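Peer 1: The structure is given below, and queries will be raised subsequently.
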Amino acid sequence: MSIDVEDGLNILMHDYFHIEMPPTERVLKNVNVLLKLFGENKVRGTFFILGEIAATYPDLVKSIANAGHEIGVHGFYHDQFFKLSRDKAKKEIFRAKELIEMITGTRIYGFRAPAFSISESTSWALEVISELGFKYDSSIMPAKASRYGWPGFCKDIVRLELQNGNSLIEVPLSVVNIMGRTVPTCGGGYLRYLPYSFTREAILSIQKHRPAIVYLHPYELDKEKYPDFFYKARSSSELQKRLPLMLYRLNKKSVEKKLEYLVKEFNFKPINDIIEEIEKQGNLPVKYL
Ligand SMILES: [Zn+2]
3 MSIDVEDGLN
13 ILMHDYFHIE
23 MPPTERVLKN
33 VNVLLKLFGE
43 NKVRGTFFIL
53 GEIAATYPDL
63 VKSIANAGHE
73 IGVHGFYHDQ
83 FFKLSRDKAK
93 KEIFRAKELI
103 EMITGTRIYG
113 FRAPAFSISE
123 STSWALEVIS
133 ELGFKYDSSI
143 MPAKASRYGW
153 PGFCKDIVRL
163 ELQNGNSLIE
173 VPLSVVNIMG
183 RTVPTCGGGY
193 LRYLPYSFTR
203 EAILSIQKHR
213 PAIVYLHPYE
223 LDKEKYPDFF
233 YKARSSSELQ
243 KRLPLMLYRL
253 NKKSVEKKLE
263 YLVKEFNFKP
273 INDIIEEIEK
283 QGNLPVKYL
């Protein structure tokens, strides 16, 4: 179970309209819904936290850690790797990691890229992540999606031997094969748009081979209407931008119920626990990049 902790409104305004605003308290409310649900169902997961969120709400980071979840890093300002230079990316991630480690008082092992933005063309990011002392990355979607993906990348958890001489464990996001096509599943929009039975079948089929990696964002549980300035910015944007922003709000009311089914039906763990189990069994394959 993995959660990318960011504020939907702040990310959308930044990503789509280049309007800077601080994260809103919506993120607190939505994370608390998740913490309650996980607590009641004895679920522990990995929360990849954006540096900007940690800087604004350090107590939120503490309460996630105190509830027994693993804490990871999700970048500082949610800039995708294809928008950053190597040097800038390294500085931003370092800043987020250092801040979050200071807040939690523990070492951080895992990283997830904003919007899964590690693909073949940004594979240098894996070297940066390894150089910053992370043990694993969980950013590669081994499928072709509209804004991300690394088609052909292996589906198993793997130890990457990188060209800088470092190794880094990669925990790819889960995908399934449907009618000859590899498609992402198990989280985000896929959990929102598709019926629970689809997610359930997908997880059952993935689990025959490897652990299924479920991912979610706190904003996916946000049922409250966004403020007027968001709709104003949306309606004045071109159609190409407007369409994904309309889908973004679709079916949010269904997520809490689906998540409840998920946590009642399956067992979840933090990603680092899964890696440790695989390492103990000596079953971690190696891939040279
Ligand atoms: Zn994100």
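In the numbering used here, the protein residues as written are 3 to 291.
Idealized CB from N, CA, C, for every residue including glycine.
From a predicted model like this one, the values you see are computed outputs, not experimental measurements.
Let me know the alpha helix (DSSP H) ranges lying completely inside the region 193–227, each 4 residues or longer, listed in chain order.
Peer 2: You should have 198–209.
Peer 1: Just mark P246 as buried or exposed, buried being the case when its beta carbon has 16 or more other beta carbons within 10 Å.
Peer 2: The count along the sequence shown starts at 1 and reaches residue 246 at position 244. By the 10 Å Cβ count, P246 comes out exposed.
Peer 1: So, for D6: in the same chain, excluding its five sequence neighbours on each side, which residues have a beta-carbon less than 7 Å away from its beta-carbon?
Peer 2: In the sequence shown, residue 6 corresponds to position 4, counting from 1. Answer for D6: F50, H76, R114, Y217 and H219, listed in chain order.
Peer 1: Is the beta carbon of P116 within less than 8 Å of some heavy atom of ligand 1?
Peer 2: Counting from one through the sequence shown, the residue named residue 116 turns up at place 114. True, at least one ligand heavy atom lies under 8 Å from that Cβ.
Peer 1: Report yes if the C-beta of L295 is less than 8 Å from at least one heavy atom of ligand 1; otherwise report no.
Peer 2: No answer is possible for residue 295: it lies beyond the span of the chain, which begins at 3 and ends at 291.
Peer 1: What are the boundary residues of the beta strand (DSSP E) that K289 is part of?
Peer 2: Taking the first residue of the sequence shown as position 1, residue 289 is located at position 287. Run containing K289: V288 to Y290, per the beta strand (DSSP E) assignment.
Peer 1: When we look at the beta-carbon of V130 and count the other beta-carbons within 10 Å, is it buried (16 or more) or exposed?
Peer 2: In the sequence shown, residue 130 corresponds to position 128, counting from 1. Flag for V130 reads buried.
Peer 1: Please work out which residues of its chain come closer than 8 Å, Cβ to Cβ, to G41, disregarding the five sequence neighbours upstream and downstream, and give them in chain order.
Peer 2: Counting from 1 along the sequence shown, the entry for residue 41 is found at position 39. Counting only Cβ-Cβ distances below 8 Å, and skipping sequence neighbours, we find A69.
Peer 1: Hey, how far is the Cα of F84 from the Cα of S123?
Peer 2: For the purposes of this step, residue 84 is identified with residue 82 of the sequence shown, where counting begins at 1. For the purposes of this step, residue 123 is identified with residue 121 of the sequence shown, where counting begins at 1. Distance between the alpha carbons of F84 and S123: 8 Å.
Peer 1: Grab the span of the beta strand (DSSP E) containing D81 for me, first residue to last.
Peer 2: On the sequence shown, position 79 is the one that residue 81 refers to. Per DSSP, D81 belongs to no beta strand (DSSP E) and is neither H nor E.
Peer 1: Under three-state DSSP, which class holds Y138?
Peer 2: The residue labelled residue 138 in the question sits at position 136 within the sequence shown. The answer is strand: DSSP assigns Y138 an E or B state.
Peer 1: Please determine, among F19, G182, I110 and M3, the residue with the shortest C-alpha to C-alpha distance to F231.
Peer 2: Position 229 of the sequence shown, counting from 1, holds the residue named residue 231. Closest option to F231, Cα to Cα, is F19.
Peer 1: Tell me which residue opens and which closes the beta strand (DSSP E) that E72 is part of.
Peer 2: Along the sequence shown, one-based indexing puts residue 72 at 70. Start and end: E72 to V75.
Peer 1: P287 to Y59, Cα distance in whole Å?
Peer 2: As a working mapping, residue 287 is identified with position 285 in the sequence shown. As a working mapping, residue 59 is identified with position 57 in the sequence shown. Cα to Cα, P287 sits roughly 38 Å from Y59.
Peer 1: By how many angstroms is the C-alpha of L62 removed from the C-alpha of L52?
Peer 2: What you label residue 52 is simply residue 50 of the sequence shown in a count that begins at 1. What you label residue 62 is simply residue 60 of the sequence shown in a count that begins at 1. If I take the Cα positions, the gap works out to 12 Å.
Peer 1: By Cβ distance, which residues of its chain are closer than 8 Å to E163, with the 5 residues on each side in sequence left out?
Peer 2: Here the question's residue 163 lines up with position 161 in the sequence shown. Cβ neighbours of E163 beyond the five flanking positions: S169, V288, K289, Y290 and L291.
Peer 1: So G154 and M143 are supposed to be a Cβ contact under 8 Å. How far apart are they, rounded?
Peer 2: Residue mapping note: residue 154 aligns to position 152 of the sequence shown, counting from 1. Residue mapping note: residue 143 aligns to position 141 of the sequence shown, counting from 1. Not quite, the Cβ-Cβ distance comes to about 11 Å (not below 8 Å), so this is no contact.
Peer 1: Check whether the Cβ atoms of F118 and L196 lie closer than 9 Å to each other.
Peer 2: What you label residue 118 is simply residue 116 of the sequence shown in a count that begins at 1. What you label residue 196 is simply residue 194 of the sequence shown in a count that begins at 1. Not closer than 9 Å, so no.
Peer 1: For ligand 1, is there any heavy atom lying closer than 8 Å to the beta carbon of L218?
Peer 2: Position 216 of the sequence shown holds residue 218. No, the Cβ of L218 stays beyond 8 Å of every heavy atom of ligand 1.
Peer 1: In whole angstroms, what separates the C-alpha of V45 from that of P24?
Peer 2: For this step, residue 45 is matched to residue 43 along the sequence shown. For this step, residue 24 is matched to residue 22 along the sequence shown. If I take the Cα positions, the gap works out to 30 Å.
Peer 1: State the DSSP-derived secondary structure class of T124, mapped to helix, strand or coil.
Peer 2: Along the sequence shown, read from residue 1 onward, the residue named residue 124 stands at position 122. Looking at T124 - three-state DSSP - the assignment turns out to be helix.
Peer 1: Across which residues does DSSP place T48 in a beta bridge pair?
Peer 2: To locate residue 48, count along the sequence shown from 1; it is residue 46. Answer by DSSP bridge pairing, in chain order: S4 and E72.
Peer 1: What are the start and end residues of the alpha helix (DSSP H) that includes I159?
Peer 2: Taking the first residue of the sequence shown as 1, we reach residue 159 at position 157. No alpha helix (DSSP H) contains I159, which DSSP labels as neither H nor E.
Peer 1: Is L52 near ligand 1, going by C-beta to nearest heavy atom under 8 Å?
Peer 2: The count along the sequence shown starts at 1 and reaches residue 52 at position 50. Yes, ligand 1 has a heavy atom inside 8 Å of this Cβ.
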